[in-house]
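Peer 1: Can you read through this structure? Questions will come right after.
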Amino acid sequence: MRKRGLATIHDLARTHREVLYIGSDVGKGTLAEFQQELPNQYFVEGIAEAHVIGMAAGLAANGKIPFVNTIATFLTRRCYDQLAVDVCLGNRNVRLYANGGGLVYAPLGPTHLATEDIALMCALPNMTVLAPCDADEMERAIRTSANYQGPIYFRVARGGDKIVSQSRLGFTIGRALVMREGGDLLLLTTGVTCQIALEVAEALAQQGVATTVIHNHTVKPLDTETLKAYLGKIPYVMSLEEHSLQGGLGAGVARLIAEGARHPTGCFKMLGIPDVFPDGYGRQENLMAKYGLEREAILANLRSWMHG
Amino acid sequence: MVAQGRRGHIASAFSVVEILVVLYDYIMSYRPGEPTWPLRDRFILSKGHGCLAQYALLADKGFFPKTLYEGFCKPDGILGGHPEEKVPGVEAPTGSLGHGLSIGVGFALNARLDDTAYRTYILLGDGECGEGSIWEAAMGAAKHKLDNLYVLIDYNKLMSFGPTSEVWNLEPFADKWRAFGFTTHEVDMVKEPLALKELLSGPPETGKPTAVICHTIKGYGVPFMEHNLDWHHKSRISDEDIARVLAYLEDGHA
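Residue numbers (this note's numbering), protein chains in the order written: chain G, 1 to 308; chain A, 1001 to 1254.
In structure tokens form, the structure reads like this:
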């Protein structure tokens, strides 16, 4: 997903002169072809995120669309004030390409884990928050963003994620995608939990449980219209996210339910990362398992919940 | 404005008046009736709390009518305690210190990308230079050889709590800017304000951004305010205080 997104930015820059790429000390040779082909639209800056965001805002104020590429934690926590004041207050067309959203950098520890990035970005007025589930969807997201007014946070997953998105469903910012339908259980996903939810739904189908999976590639603005329609007719609702339970997708859905959008006898459960700095290293899937965000754990969770 | 809002960073504004007058009277190209004219020179008051002076200059030049003064810091006014882009002539919202120079680097880079000749002027506070992001931006400006970028520093040597020399020492200040890759000048804005005009009128050194350390006096023009920390920011300003300030200012014009 990461590479495809970058390649798409390169391609977009060919047809849109205002599209710029700004890397903040990313890996050697990143988008070398871009640099060669469009040197005036390609920048590599230092380890200076606060400055880079201000600079991007200054470029955007003059009609440019800069894509800033670096690690998600540094693109959110380190430069939050610049994002709020320089980017969001003026509704600037700055694009944040945030590598390693969630638990991707598991071996590098909590300094590099972006488990509250969605909450931080959602709290900023004017910010749009996207978490595509695979490379195809990331490409659609970036192409769509060319004609979108305002700042966008792209949460970038690890890469090599199984392709489950479908081009026939299209991609509109702010419009959730119904990936499959069934009347017993509603699974709500964002980012790569879409893949897990589809596997869970498939396993449940074998056991006679019919599942709807709604993929929210846009966490903000949340597609409340689609969500309300399904929350009103499916009794069991579970949100799945590779993010803190504070201020993410589940919290947004909980708010909708609290405001009255629910099945008459419905119940709701949020799965995600508890309010902790994840402890332990390993790989992304090790930490996902630790927090019950893998197929078998979710199935067990659902079994005891729905039949308990 | 202060009579309306009864508050403000008056001394911080008086500190930068001479700098702004030089920029708006002699140096910058702009069209008050067309504030977003693409070829205009760009100015950002990075020390946004000095905005009273900028509002006065912008109104004086015709960017907006002086009747807007009545709304200063009021619920329905557009002139706030820190400047925002809804004010014609304001290029970026400032007030959170340490932001303006990075935005200015973006403006200056944009001029190069678009092959336009506008210049970008950023006015920093001295205390503001304690923000690390200023020095990140300085490195960025030098890296990109932005000779169309000018940094002016209001060196009144007083922060909110006390003197910079005690609270957060900036010296050797000029050497820092030189070391960060700027052609660096110093001017005494009290004794010879027009020296700034001379400095900014000529061509810049090719391939280097310019920094001008402007030695100023906080509260300049009103003796009881000069060097007086009580006036860094003041609220509930009385009629009597306003009358005293005006009396000094009118004397100054006489």
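Even for Gly, the Cβ is constructed at its ideal location relative to N, Cα and C. Bear in mind the structure is a predicted one, so any value in this text is a computation, not a measurement.
(1) For the alpha helix (DSSP H) containing A/L1113, list its first residue and its last residue.
(2) So which residues on chain A does G/Q334 lean against when the C-beta distance must stay under 8 Å?
(3) When you compare only the Cα positions, how much space is there between G/E33 and G/Q41?
(4) Grab the span of the alpha helix (DSSP H) containing G/F171 for me, first residue to last.
(5) In angstroms, rounded to a whole number, what distance separates the CA positions of A/I1019 and A/H1185?
(6) Once the 5 residues before and after A/D1041 are set aside, which same chain residues still bring their CB inside 6 Å of it?
(7) Quick test of your reading: G/Y153 and G/T189, contact by CB under 8 Å. State the CB separation rounded to the nearest angstrom.
(8) Give the range of the alpha helix (DSSP H) segment to which G/G272 is assigned.
(9) For the beta strand (DSSP E) that G/N310 lies in, which residues bound it at each end?
(10) Going by the C-beta, is G/F154 closer than 7 Å to any heavy atom of the ligand PLP?
(11) Is it right to say G/A205 is buried, meaning 16 or more other beta carbons lie within 10 angstroms of its own, or is it exposed?
(12) Just how far apart, CA to CA, sit G/H243 and A/T1094?
(13) In chain G, what lies closer than 8 Å to A/I1103 by C-beta?
(14) Rounded to a whole number of angstroms, what is the C-alpha to C-alpha distance between A/L1045 and G/Y21?
(15) Given this structure, state the Cα-to-Cα distance separating G/P151 from G/G54, to the nearest angstrom.
(16) Please compile the residues from chain A whose C-beta is within a distance smaller than 8 Å of the C-beta of G/G90.
(17) Can you check whether the CB of G/A146 is closer than 8 Å to the CB of G/H10?
(18) Nearest to A/K1197 by CA position, among A/H1049, A/F1014, A/R1007, A/Y1026, is which residue?
(19) Can you tell me whether DSSP reads G/V26 as helix, strand or coil?
(20) Can you check the stretch 196-268 of chain G for any beta strand (DSSP E) of at least 3 residues that lies completely inside it and give the ranges in chain order?
(21) Does DSSP put G/R95 in a helix, in a strand, or in coil?
(22) So, A/V1017 versus A/A1053, is the Cβ gap smaller than 8 Å?
(23) Using the Cβ count rule (16 or more neighbours within 10 Å means buried), how would you classify A/S1218?
(24) Just how far apart, CA to CA, sit G/F181 and G/G292?
(25) Please tell me whether A/V1214 and A/D1154 are closer than 8 Å, where the distance is taken between their beta carbons.
(26) For G/A328 and G/I71, I'd like the C-alpha separation in whole angstroms.
(27) Using three-state DSSP, classify G/I178 as helix, strand or coil.
(28) From the beta carbon of A/H1099, is the nearest beta carbon of chain G less than 8 Å away?
(29) What residue ranges within the stretch 1196-1246 of chain A form continuous beta strand (DSSP E) runs of no fewer than 3 residues, ordered along the chain?
(30) Between G/I118 and G/V219, how many whole angstroms is the CB-CB distance? I'm expecting something under 8 Å.
(31) Distance, Cα to Cα, G/A131 vs A/H1049?
(32) When the Cα atoms are used, what is the spatial distance from A/G1130 to A/G1100?
(33) At which residue ranges does the stretch 1112-1153 of chain A contain complete alpha helix (DSSP H) runs of 4 or more residues, listed in the order of the chain?
(34) Using only the alpha-carbon positions, how far apart do G/G248 and A/K1047 sit?
Peer 2: According to the structure data:
(1) Secondary structure note for A/L1113: its alpha helix (DSSP H) is the uninterrupted segment 1100-1113.
(2) This structure does not reach residue 334 of chain G, given that chain G is present from 1 up to 308, and the question cannot be answered.
(3) The straight-line gap from Cα to Cα measures roughly 12 Å.
(4) Run containing G/F171: none; DSSP gives neither H nor E here.
(5) 14 Å
(6) M1028, S1029, Y1118, R1119.
(7) At roughly 18 Å, the Cβ-Cβ gap does not stay under 8 Å, so G/Y153 and G/T189 are not in contact.
(8) Taken as a continuous stretch (DSSP letters only), G/G272 belongs to no alpha helix (DSSP H), being part of the beta strand (DSSP E) at 267-273.
(9) Absent from the model: residue 310 of chain G. The displayed extent of chain G is 1 to 308, so no value can be given.
(10) Because no ligand of any kind appears in the structure shown, any question about the ligand PLP cannot be addressed here.
(11) exposed
(12) 32 Å
(13) G54, M55, A57, G58, A61, D86
(14) 28 Å
(15) Spanning the two alpha carbons is a distance of roughly 13 Å.
(16) E1085, A1092, P1093
(17) no
(18) For the residues A/H1049, A/F1014, A/R1007, A/Y1026, the minimum Cα distance to A/K1197 belongs to A/Y1026.
(19) coil
(20) 211-215, 218-220, 236-244
(21) strand
(22) yes
(23) Per the sequence shown, residue 1218 of chain A should be read as Lys rather than Ser. Buried.
(24) Checking the displayed sequence, the identity of residue 181 of chain G turns out to be Glu instead of Phe. Approximately 24 Å, taken between the alpha carbons.
(25) For clarity, residue 1214 of chain A is Cys in the given sequence; the question names Val instead. Yes, they are a contact pair.
(26) Residue numbering for chain G in the displayed model covers 1 to 308; residue 328 of chain G lies beyond these limits and cannot be assessed.
(27) Strictly speaking, residue 178 of chain G in this sequence is Val, with Ile absent from that position. Here G/V178 sits in strand by DSSP.
(28) yes
(29) 1210-1215, all fully within the stretch 1196-1246 of chain A.
(30) About 5 Å; that satisfies the 8 Å criterion.
(31) Cα atoms of G/A131 and A/H1049: separation of roughly 38 Å, rounded to the nearest angstrom.
(32) 14 Å
(33) 1132-1143
(34) 35 Å
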